[in-house]
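For the sequence shown, position 379 (counting from the first letter as 1) is numbered 379 according to the working numbering, and the numbering increases by one without interruption.
C-beta: ideal position from N, C-alpha, C; glycine also.
Worksheet for the structure shown next.
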Amino acid sequence: MALIVQKYGGTSVGDVERIKNVARRIKGMVDEGNRIVVVVSARSGVTNDLIARAKAITPNPDEREMDRLLACGEQETIALMAMALESMGQKAVSRTGAQAGLFTDSLHTKARIVKITGGDILEKLDEGYVVIVAGFQGVNELGEVTTLGRGGSDLSAIAIAASINADICQIYTDVDGVYTADPRIVKKARKIPVISYDELFEMASSGSKVMQARSVEFARKYGVVFEVRSSFNNEPGTIVKLEVPSLESLVVSGVAVDKNQTKVTLSELPDQPGVAAEIFESLGKAGIMVDMIVQNIGRGGKANLTFTVAKDDASKAEQILNEVSGKLGCKVSLTGDIAKVSVVGIGMRSHSGVAGTFFKALAKENINVQMITTSEIKIAVAIDLADADVAANLLHEAFGLDGDK
Ligand code: ADP
Ligand code: ASP
Ligand code: MG
């Protein structure tokens with residue numbers, strides 16, 4: 001008998017039939033003697049739809065109101081899932097993030113967890129209930145609803161698993177596990193049976209949306225071993241944990257593509273100390289993360305600074321930079337016409353020649369590189385959006401990741 005936290009993503013609860021299928025799966029596991037906490041996302045498309053409605057009213061909606069709105073998606077699915085289980089004769093009760101004691105700071109739309117108590121989850125399990133918790137949402141110290149950033153139901157599940165000391169945390173989604181690349185983009189991608197937190201974190205923060213990056217970071221910090229698997233079959237998925245025996249020959253374990261980036265260029269900036277600090281501080285204060293940064297050599301006392309931000313943050317960034325540019329006398333321009341393509345692998349630490357293989361693969365199709373960043377286990381480039389899928393396939397092949405399919 002195990003204590004299991006299961007998370008079902010948007011596609012897995014996408015309509016009433018799918019909700020009933022998931023409920024059947026859960027009931028089967030309860031009948032085998034397991035105690036189950038379920039974390040659900042909004043139906044697929046619902047969160048995007050709510051964002052689109054808000055943006056149709058105003059380009060920069062108030063973030064407190066935004067969270068109030070976005071939290072609705074998950075509240076629909078917890079209630080429907082509880083009804084589906086009850087209709088099969090299984091006791092079930094729904095809980096909001098606040099009721100599950102998921103406390104966050106007040107950084108609306110990307111709040112960070114400060115404490116998680118679990119509320120009455122364990123008592124309800126003891127009474128024979130399946131407890132269904134709304135993913136993606138929490139509550140701040142003022143009692144205001146907050147959300148945990150896109151894909152945040154993954155984080156809710158991992159945090160709840162940590163707080164109740166679950167035996168297993170399972171992330172059910174619409175793919176069989178973590179692949180060497182997004183199987184929608186790279187047809188020859190292969191399923192990875194076991195992956196380390198570090199590698200999955202780099203892949204997720206480089207754009208592989210199979211797991212929210214923050215949830216992987218949280219799992220690593222609290223030692224939550226989890227499995228990513230499909231809600232549509234019974235195939236074993238991908239186990240994510242700390243230590244993974246690495247094959248010496250495997251330099252790269254995956255390729256990631258991020259099409260949700262915007263490139264920001266500030267031209268004719270005064271080439272003086274303190275200017276970059278002023279720009280990045282003002283973005284940081286607004287909770288905007290900056291990714292790749294390139295500054296060209298100053299000429300005639302002027303320089304250009306280029307960097308990327310998430311597309312979701314672009315209009316907020318533009319508003320802030322327009323204020324700063326007035327003061328600094330520079331020009332601001334933004335384009336969403338770029339993508340970031342990365343290769344990730346712990347093996348890079350001990351192998352040379354990775355950069356050579358990387359750039360040779362892109363050169364083969366004349367793909368022009370606009371920006372480059374590296375870490376100990378990653379090389380990432382910004383390229384034209386139109387080249388992204390071709391680049392991902394070329395790199396996948398060049399690093400020997402192609403499967404037989
Ligand atoms: P959910 O709604 O269940 O949270 P997501 O849509 O957030 O599901 O994540 C699953 C999707 O992630 C897959 O359908 C797949 O297209 C995409 N994906 C991106 N990179 C990878 C990868 N390396 N392995 C598996 N899936 C990936
Ligand atoms: N519904 C939220 C989103 O679409 C959270 C999630 O699906 O994990 O981002
Ligand atoms: Mg997701």
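Local Cβ density within 10 Å of residue 140, reported as buried at 16 or more and exposed below that: Mapped onto the sequence shown, residue 140 falls at position 140. Looking at its Cβ environment, which holds 16 or more other Cβ atoms inside 10 Å, residue 140 is buried.
Alpha-carbon to alpha-carbon, residue 305 and residue 276: The sequence position of residue 276 within the sequence shown is 276, counting from 1. The sequence position of residue 305 within the sequence shown is 305, counting from 1. Going from the Cα of residue 276 to the Cα of residue 305 covers about 8 angstroms.
Beta strand (DSSP E) segments (min. 3 residues) lying fully within the stretch 133-191: The qualifying runs are 137-139, 145-147 and 168-173.
Segment contact flag, the stretch 63-79 with the stretch 182-201, C-beta cutoff 8 angstroms, min 3 pairs: Touching, no.
Rounded C-alpha distance that separates residue 178 from residue 64: The residue labelled residue 178 in the question sits at position 178 within the sequence shown. The residue labelled residue 64 in the question sits at position 64 within the sequence shown. Just so you know, the alpha carbons of residue 178 and residue 64 end up roughly 34 angstroms apart.
CB contact flag (residue 35, residue 125, <9 angstroms): The count along the sequence shown starts at 1 and reaches residue 35 at position 35. The count along the sequence shown starts at 1 and reaches residue 125 at position 125. Yes, they are a contact pair.
Residue 132 beta carbon less than 9 angstroms from that of residue 414: Because residue 414 is not part of the residues shown, which for the chain are 1 to 405, the question remains open.
Local conformation of residue 98 per DSSP, three classes: Locating residue 98 in the sequence shown gives position 98, counting from the first residue. Correct three-state label for residue 98: coil.
Endpoints, the beta strand (DSSP E) within which residue 229 is located: The residue labelled residue 229 in the question sits at position 229 within the sequence shown. First-last of the beta strand (DSSP E) with residue 229: 226-230.
Burial state of residue 56, where buried means 16 or more other Cβ atoms lie within 10 Å: Taking the sequence shown and counting its residues from 1, one reaches residue 56 at position 56. By the neighbour-count criterion, in which 16 or more other beta carbons inside 10 Å mark a residue as buried, residue 56 falls on the exposed side.
Backbone CA spacing between residue 206 and residue 292 [nearest angstrom]: Numbered from its first residue, the sequence shown carries residue 206 at position 206. Numbered from its first residue, the sequence shown carries residue 292 at position 292. CA-CA distance, residue 206 to residue 292, rounds to 11 angstroms.
As assigned by DSSP and simplified to three states, the class of residue 120: Here residue 120 refers to the residue found at position 120 when the sequence shown is read from its first residue. In the structure shown, residue 120 adopts coil according to DSSP, grouped into three states.
Expected contact under 8 angstroms - CB spacing of residue 188 and residue 403 to nearest Å: Stepping through the sequence shown from its first residue, residue 188 is reached at position 188. Stepping through the sequence shown from its first residue, residue 403 is reached at position 403. Contact holds; Cβ gap of about 5 angstroms.
Alpha-carbon spacing of residue 366 relative to residue 382, whole angstroms: Position 366 of the sequence shown holds residue 366. Position 382 of the sequence shown holds residue 382. The C-alpha of residue 366 lies about 14 angstroms from the C-alpha of residue 382.
Counted within 10 angstroms of its Cβ, other Cβ atoms place residue 142 as buried (16 or more) or exposed: Here residue 142 refers to the residue found at position 142 when the sequence shown is read from its first residue. Residue 142 is classed as exposed because its beta carbon has fewer than 16 other beta carbons within 10 Å across all chains shown.
Within 9 angstroms, strictly: CB atoms of residue 196 and residue 254: On the sequence shown, position 196 is the one that residue 196 refers to. On the sequence shown, position 254 is the one that residue 254 refers to. Contact flag unset, no.
N-terminal and C-terminal residue of the beta strand (DSSP E) that residue 3 is part of: For this step, residue 3 is matched to residue 3 along the sequence shown. Start and end: 3-8.
Counted within 10 angstroms of its Cβ, other Cβ atoms place residue 350 as buried (16 or more) or exposed: The sequence position of residue 350 within the sequence shown is 350, counting from 1. Taking a 10 Å sphere around the C-beta of residue 350, we find fewer than 16 other C-beta atoms and assign the residue as exposed.
Which listed residue (312, 348, 357 and 278) has its alpha carbon closest to that of residue 321: Translated into the one-based positions of the sequence shown, residue 321 becomes position 321. Measuring from the Cα of residue 321, the nearest candidate turns out to be 278.
Buried versus exposed call for residue 355 [16 or more other C-beta atoms within 10 Å across all chains shown]: As a position in the sequence shown, residue 355 is number 355, starting the count at 1. Flag for residue 355 reads exposed.
Outcome for residue 261 when other beta-carbon atoms lying within 10 angstroms are tallied against a minimum of 16: Residue numbering aside, residue 261 sits at position 261 when the sequence shown is read from its first letter. Flag for residue 261 reads buried.
Cβ pair residue 39, residue 5 closer than 9 angstroms: Start at 1 with the first residue of the sequence shown, and residue 39 comes out as number 39. Start at 1 with the first residue of the sequence shown, and residue 5 comes out as number 5. The answer is yes: Cβ separation under 9 angstroms.
Distance between residue 163 and residue 329 (C-alpha atoms, nearest Å): Here residue 329 refers to the residue found at position 329 when the sequence shown is read from its first residue. Here residue 163 refers to the residue found at position 163 when the sequence shown is read from its first residue. Residue 329 and residue 163: Cα-Cα distance of roughly 50 angstroms.
Touching by the beta-carbon criterion (3+ pairs, under 8 angstroms), the stretch 331-343 and the stretch 368-387: Flag = yes, the stretch 331-343 and the stretch 368-387 touch.
Run of the beta strand (DSSP E) containing residue 77, from where it starts to where it stops: By one-based count along the sequence shown, residue 77 stands at place 77. Membership of residue 77 in any beta strand (DSSP E) is not indicated; the residue belongs instead to the alpha helix (DSSP H) covering 63-87.
Beta carbon shell of the ligand ADP at less than 5 angstroms from a heavy atom: Every residue passing the under-5 angstroms Cβ criterion appears here: 9, 10, 173, 174, 175, 178, 179, 182, 184, 208, 209 and 210.
Residue 19, DSSP secondary structure in three states: Translated into positions along the sequence shown, residue 19 becomes position 19. Under the three-state reduction of DSSP output, residue 19 falls in the helix class.
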